[in-house]
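Heads up, the thing below is written out as structure tokens.
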Amino acid sequence: MTPQPSAGSPSPASPAAPAARANPPVHDERQRPLRDLRISVTDRCNFRCTYCMPKEVFGPDFPFLPHAELLTFEEITRLTRVFARAGVRKLRLTGGEPLLRRDLERLVGMLAEIPDIEDIALTTNGSLLTPAKAQALRAAGLRRITISLDSLRDETFMALNAVHFPVQKVLAAIDAAAAAGLQPVKVNMVVKRGANDREVLEMANHFRGTGHILRFIEYMDVGNSNGWRLDEVVPAAEILQQINAVWPLEAVPPEHPGEVASRYRYRDGQGEIGVVASVTQAFCHSCNRARLSADGRLFTCLFAAAGTDLRGLLRTGCSDDDLYAAVTGVWRRRRDRYSELRFLATPRQPKVEMSFIGG
Ligand code: SAM
Ligand code: SF4
Ligand code: SF4
Numbered sequence: 013m014t015p016q017p018s019a020g021s022p023s024p025a026s027p028a029a030p031a032a033r034a035n036p037p038v039h040d041e042r043q044r045p046l047r048d049l050r051i052s053v054t055d056r057c058n059f060r061c062t063y064c065m066p067k068e069v070f071g072p073d074f075p076f077l078p079h080a081e082l083l084t085f086e087e088i089t090r091l092t093r094v095f096a097r098a099g100v101r102k103l104r105l106t107g108g109e110p111l112l113r114r115d116l117e118r119l120v121g122m123l124a125e126i127p128d129i130e131d132i133a134l135t136t137n138g139s140l141l142t143p144a145k146a147q148a149l150r151a152a153g154l155r156r157i158t159i160s161l162d163s164l165r166d167e168t169f170m171a172l173n174a175v176h177f178p179v180q181k182v183l184a185a186i187d188a189a190a191a192a193g194l195q196p197v198k199v200n201m202v203v204k205r206g207a208n209d210r211e212v213l214e215m216a217n218h219f220r221g222t223g224h225i226l227r228f229i230e231y232m233d234v235g236n237s238n239g240w241r242l243d244e245v246v247p248a249a250e251i252l253q254q255i256n257a258v259w260p261l262e263a264v265p266p267e268h269p270g271e272v273a274s275r276y277r278y279r280d281g282q283g284e285i286g287v288v289a290s291v292t293q294a295f296c297h298s299c300n301r302a303r304l305s306a307d308g309r310l311f312t313c314l315f316a317a318a319g320t321d322l323r324g325l326l327r328t329g330c331s332d333d334d335l336y337a338a339v340t341g342v343w344r345r346r347r348d349r350y351s352e353l354r355f356l357a358t359p360r361q362p363k364v365e366m367s368f369i370g371g
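Going by this note's numbering, the sequence shown opens with residue 13, and the numbers climb by one from there.
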């Protein structure tokens with residue numbers, strides 16, 4: 013059984029008081045506001061995780077975007093100002109591997125100057141996160157970081173990342189992030205049956221009491237190339253049951269509307285975990301996230317087949333008002349709820365890859 017909130021549990025930290033809003037959020041056809049923007053800064057990655065960019069598909073000849081097709085930092089910043097005008101308050105930089113983009117801290121600094129942006133976060137595999145990089149990102153205005161780590165065992169982790177990258181270096185990156193003040197560090201573990209599902213308790217045990225928040229992610233059918241099968245998905249309820257049997261848990265209310273992870277804390281005070289149950293408990297009804305691909309296309313769902321080209325508008329000299337009209341027009345027409353419809357037997361168009369659109 014999924015643990016429920018206990019009557020005596022303390023209330024979670026209250027969110028910061030909302031700042032005065034110059035622009036009310038724009039709502040889509042299902043009355044969901046536009047609040048979060050995930051920005052993919054590159055479609056490239058130095059890992060070949062089997063569940064995301066399998067090496068058989070993303071091989072040496074894979075046609076990644078040429079540099080000229082990527083949005084420049086100036087273009088990303090200009091578009092983000094427009095998104096902020098349409099209601100966006102939280103940003104997440106992602107990819108591909110976002111730290112492959114040189115001087116990412118310069119972009120963070122530019123985004124941090126946008127008055128309406130309240131939060132800037134980064135999702136990374138940690139491979140390039142040195143202590144100096146973590147400090148530079150923090151100093152530039154990065155507020156939060158998520159580092160992906162699927163196992164504490166080299167054998168498992170190297171089989172999943174497919175580039176022989178060792179666990180120890182990711183653990184060092186987590187330490188570097190915490191030392192730079194990017195706390196609490198969130199750690200993403202994608203749980204895949206037959207790959208790392210027997211290591212849930214080991215991961216929970218490792219991160220209990222560290223102040224880091226381990227988040228278990230259900231393996232998703234993103235893109236078209238990871239050979240996803242439902243029987244390889246480990247339901248979040250099963251993960252929670254396993255942990256709860258050893259270290260009892262209690263649910264924590266969401267901190268923000270539209271939060272994707274359900275939060276739980278250890279009853280013995282040893283910290284918090286999260287589960288992202290996008291397959292078994294779809295949360296489309298509260299999905300307030302837009303995605304900007306590295307080449308400047310706007311996607312309104314992680315599982316979308318196509319996006320709207322904003323780079324073309326940017327590069328043909330349109331005004332900010334034109335961009336605002338384009339962004340809000342797309343959002344107002346949005347009806348996406350892929351995860352809620354996943355199991356309906358309707359034929360679908362090929363989806364865009366997650367490494368391209370930004371996870
Ligand atoms: N490269 C960075 C990283 O791995 O953290 C950022 C991009 S990655 C696409 C963002 C997140 O998506 C990672 O935490 C990754 O584990 C997760 N992810 C990738 N493919 C997934 C899948 N098929 N199902 C669930 N999560 C997935
Ligand atoms: Fe790269 Fe992240 Fe995808 Fe792994 S999950 S292949 S690290 S983009
Ligand atoms: Fe949002 Fe699409 Fe995921 Fe539903 S399936 S939560 S609409 S990104």
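C-beta: ideal position from N, C-alpha, C; glycine also.
Provide the residue span of the alpha helix (DSSP H) that contains residue i, from first to last.
i, result
"Leu103", "Per DSSP, Leu103 belongs to no alpha helix (DSSP H); it is in the beta strand (DSSP E), Lys102 to Thr106."
"Tyr350", "Tyr350 to Leu353"
"Ala190", "Val179 to Ala191"
"Val258", "Ala248 to Val258"
"Ala171", "Asp166 to Asn173"
"Ser237", "Per DSSP, Ser237 belongs to no alpha helix (DSSP H) and is neither H nor E."
"Phe368", "Met366 to Ile369"
Pick from the options: whose alpha carbon is nearest that of residue i?
i, options, result
"Phe311", "Arg277, Arg349 and Pro196", "Arg349"
"Leu252", "Glu284, Ile129 and Arg50", "Glu284"
"Ala257", "Arg114, Asn208, Asn217 and Phe177", "Asn217"
"Lys67", "Gly223, Val202 and Leu172", "Leu172"
"Met366", "Leu314, Asp307, Cys330 and Gly319", "Leu314"
"Arg263", "Val287, Glu244, Glu250 and Arg241", "Contrary to the premise, residue 263 reads as Ala rather than Arg in this sequence. Nearest option by C-alpha distance: Val287."
"Thr62", "Val203, Gln180, Gly308 and Leu213", "Val203"
"Arg135", "Cys57, Asp280, Arg347 and Pro72", "The amino acid occupying residue 135 in the given sequence is Thr; Arg does not appear at that position. That would be Cys57, whose Cα lies nearest to the Cα of Thr135."
"Gly138", "Arg309, His79, Arg44 and Pro178", "Pro178"
"His176", "Ser298, Arg165, Arg347 and Ile225", "Arg165"
"Ile225", "Arg275, Ile132, Val182 and Asp307", "Arg275"
"Gln10", "Ala316, Cys299 and Ala185", "The structure shown has nothing for residue 10, since the chain only spans 13 to 371."
"Gly308", "Arg241, Met65, Pro72 and Gly107", "Gly107"
"Leu82", "Cys64, Asp73, Pro110 and Ile186", "Pro110"
"Arg205", "Arg241, Gly223, Leu213 and Glu214", "Arg241"
"Cys64", "Arg277, Pro72 and Met232", "Met232"
"Ala317", "Leu91, Glu214 and Pro362", "Pro362"
Enumerate in chain order the residues of its own chain whose CB-to-CB distance from residue i is below 7 Å, with the five nearest sequence positions on each side excluded.
i, result
"Ala70", "Checking the sequence, you will find Phe at residue 70 rather than Ala. The answer, listed in chain order, is Arg60."
"Ala188", "Leu141, Thr142, Pro143 and Ala146"
"Pro75", "none"
"Ala151", "none"
"Arg279", "Pro260, Leu261 and Glu262"
"Leu154", "Val120, Ile132, Leu134 and Leu194"
"Glu271", "none"
"Leu356", "none"
Which residues mark the beginning and the end of the beta strand (DSSP E) in which residue i is found?
i, result
"Glu284", "Glu284 to Val288"
"Lys198", "Lys198 to Val203"
"Phe219", "Not the beta strand (DSSP E): Phe219 falls in the alpha helix (DSSP H), residues Val212 to Phe219."
"Tyr276", "Ser274 to Tyr278"
"Arg227", "Ile225 to Glu230"
"Ser160", "Arg156 to Ser160"
"Glu262", "Leu261 to Val264"
"Arg347", "Careful: Arg347 lies outside any beta strand (DSSP E) and carries neither H nor E."
"Leu49", "Asp48 to Ser52"
Quick one: residues in its chain with C-beta nearer than 8 Å to the C-beta of residue i, no 5 flanking neighbours on either side, listed in chain order?
i, result
"Leu119", "Val53, Phe85, Ile88, Thr89, Leu105 and Arg113"
"Thr168", "Asp162, Ala207, Asn208 and Glu211"
"Ala98", "Asn35, Pro37, Val38, Leu46, Tyr336, Val339, Thr340 and Trp343"
"Pro247", "Glu230, Ala289, Val291 and Thr292"
"Arg93", "Ile126 and Asp332"
"Ser305", "Ser52, Asp55, Phe311, Gly319, Val364, Phe368, Ile369 and Gly370"
"Pro22", "In this predicted model, Pro22 has a pLDDT of only 33, less than 50, meaning its place in the structure is not dependable enough to derive any value."
"Ala372", "Not covered by the structure: residue 372. The range shown for the chain is 13 to 371."
"Arg227", "Thr158, Lys198, Val199, Asn200, Met201, Ala273, Ile285, Gly286, Val287 and Val288"
Enumerate in chain order the residues of its own chain whose CB-to-CB distance from residue i is below 6 Å, with the five nearest sequence positions on each side excluded.
i, result
"Leu49", "Phe95, Val100, Leu103 and Ala302"
"Cys296", "Arg349, Ser351 and Glu352"
"Gln282", "Arg220 and Gly221"
"Ala148", "Glu117"
"Asp40", "Trp343 and Arg346"
At a cut-off of 7 Å, would you count residue i as near ligand 4, judging by its Cβ distance to the nearest heavy atom?
i, result
"Cys57", "The model on display carries ligand 1, ligand 2 and ligand 3 but not ligand 4."
Check whether the stretch 317 to 326 and the stretch 255 to 271 touch, using three or more Cβ-Cβ pairs below 8 Å as the test. no
I want to know whether the stretch 182 to 195 touches the stretch 227 to 241 - three or more CB-CB distances under 8 Å. no
Note down, one range per segment and in chain order, each alpha helix (DSSP H) of at least 4 residues found wholly within the stretch 65 to 107. 85 to 97
Counting only runs that start and end within the stretch 113 to 146, where is the alpha helix (DSSP H) found for 4 or more residues in a row? 116 to 124
Assess, as a yes-or-no matter, whether the stretch 147 to 166 is touched by the stretch 195 to 213 under the definition of 3 or more beta carbon pairs within less than 8 Å. yes
Counting only runs of 4+ residues fully inside the stretch 280 to 335, write out the alpha helix (DSSP H) ranges in chain order. 323 to 327
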